[in-house]
Amino acid sequence: ETGVTQTPRHLVMGMTNKKSLKCEQHLGHNAMYWYKQSAKKPLELMFVYSLEERVENNSVPSRFSPECPNSSHLFLHLHTLQPEDSALYLCASSQDLSSGGANEQFFGPGTRLTVL
Amino acid sequence: GQNIDQPTEMTATEGAIVQINCTYQTSGFNGLFWYQQHAGEAPTFLSYNVLDGLEEKGRFSSFLSRSKGYSYLLLKELQMKDSASYLCAVRDNRRGYNKLIFGAGTRLAVHP
């Protein structure tokens with residue numbers, strides 16, 4: 019595997035279910051991110067981790083719970099979601115959190131989530 | 879506040895040139911990025927500008943004017959595979975880290 023991978027690619031869940039999204043980066047990066055992408059809306063940053071430490075929680079409801087057990091893996095635990103949470107959830111990684119140079123973020127293909 | 883504007887949709891002809899504009903208003907500006915996103919796929923990095931001027935990379939070029947809060951992505955010799963969404967993103971370093979703020983994207987359709 020190369021780059022950033024995400025599983026599952028598609029997920030349908032009821033409002034009372036509990037599920038988890040998984041992200042893995044094979045780039046040796048130290049920073050990882052969760053984004054939400056809704057139709058015709060900008061990507062919204064949800065969480066930022068650096069070396070397994072959460073740096074940013076961008077006012078995300080507690081029904082979304084991130085976990086970063088090591089610098090290569092990032093999870094997003096979901097419980098009691100609402101239909102408006104249906105979206106594409108993208109994971110990204112970058113070398114670190116510095117703002118020097120491009121330090122571009124590399125994205126995974128996303129998980130298409132539908133909440134019924 | 880922070881605001882990034884780009885056209886919602888554009889169409890162009892194969893072989894032609896298209897310019898996608900992006901205007902922004904943000905504090906803590908520390909660079910502007912363009913990403914390409916094909917339907918159902920991951921956004922992929924195209925370009926990065928932090929100083930005023932033009933950066934050229936093959937068929938794609940990106941321009942930045944910080945004083946005007948303006949950037950454009952120029953695509954030359956368009957190919958059908960260039961049909962995708964193009965995302966403009968500004969890096970805001972007020973929180974001391976690599977935070978990207980995205981526009982809603984421009985969906986480009988290239989037709990024969």
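Residue numbers (the working numbering), protein chains in the order written: chain X, 19 to 134; chain B, 879 to 990.
Where a beta carbon is used, it is the ideal one built from N, C-alpha and C, also for glycine.
Between X:D103 and X:V133, the C-beta spacing is below 8 Å. In this structure B:S961 touches B:A987 by the C-beta definition: roughly 5 Å separates them, less than 8 Å.
Taken atom to atom, the span from the alpha-carbon of B:C900 to that of B:D970 is near 16 Å. By the 16-neighbour rule on beta-carbons within 10 angstroms, B:G974 is exposed. Contact between B:T984 and B:E887 is confirmed by a C-beta separation of about 7 Å, below the 8 Å threshold. The C-beta of X:P60 comes closer than 8 Å to at least one C-beta of chain B. Contact annotation: X:E122 and X:S112 have beta-carbon atoms nearer than 8 Å. Residue contact check for B:P921 against chain X: a CB pair falls below 8 Å. The beta carbon of X:P127 falls within 8 Å of a beta carbon belonging to chain B, placing the residue at that interface. The contact set of B:A982 on chain X, defined by CB atoms closer than 7 Å, consists of K58, K59, P60 in chain order.
Interface annotation, X:Q123: in contact with chain B, CB-CB separation under 8 Å.
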